[in-house]
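S.K.: In the working numbering, the protein residues as written are 278 to 367.
So this is what it looks like as structure tokens:
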């Protein structure tokens, strides 16, 4: 909302990502779309892929995201370096 610009990178994996799921579980909770870690995921079907992304913003904010992609759409969760949590939908 303050107009800052962010850019970054992401990685999507069919086999899972080490330490994946900690941010996702904080936002969506155990009753959400999925929760847990890559070694113990619940609610993820075989056609879904797990991903992680990171973005740096113009005012120093850094945002870490985790998501589950279903073809070109997905849901996820992000946490910035100020401790704020966000839902991600694409």
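The beta-carbon is built from N, C-alpha and C at its ideal position, and this holds for glycine as well.
Quickly, what does DSSP pair residue 345 with across the bridge? List them, please.
M.R.: The sequence position of residue 345 within the chain shown is 68, counting from 1. Bridge partners of residue 345: 327, 352.
S.K.: Which residue marks the beginning of the beta strand (DSSP E) containing residue 289, and which one marks its end?
M.R.: Mapped onto the chain shown, residue 289 falls at position 12. Segment 283 to 290, the beta strand (DSSP E) holding residue 289.
S.K.: Roughly how far, in whole angstroms, is the beta-carbon of residue 349 from the beta-carbon of residue 301, given that I think they are within contact range, below 8 Å?
M.R.: Position 72 of the chain shown, counting from 1, holds the residue named residue 349. Position 24 of the chain shown, counting from 1, holds the residue named residue 301. Actually they do not touch by this definition, with Cβ atoms about 19 Å apart.
S.K.: Going by the beta-carbon positions, is the gap between residue 303 and residue 362 smaller than 8 Å?
M.R.: Stepping through the chain shown from its first residue, residue 303 is reached at position 26. Stepping through the chain shown from its first residue, residue 362 is reached at position 85. Taking 8 Å as the Cβ cut-off, residue 303 and residue 362 qualify as a contacting pair.
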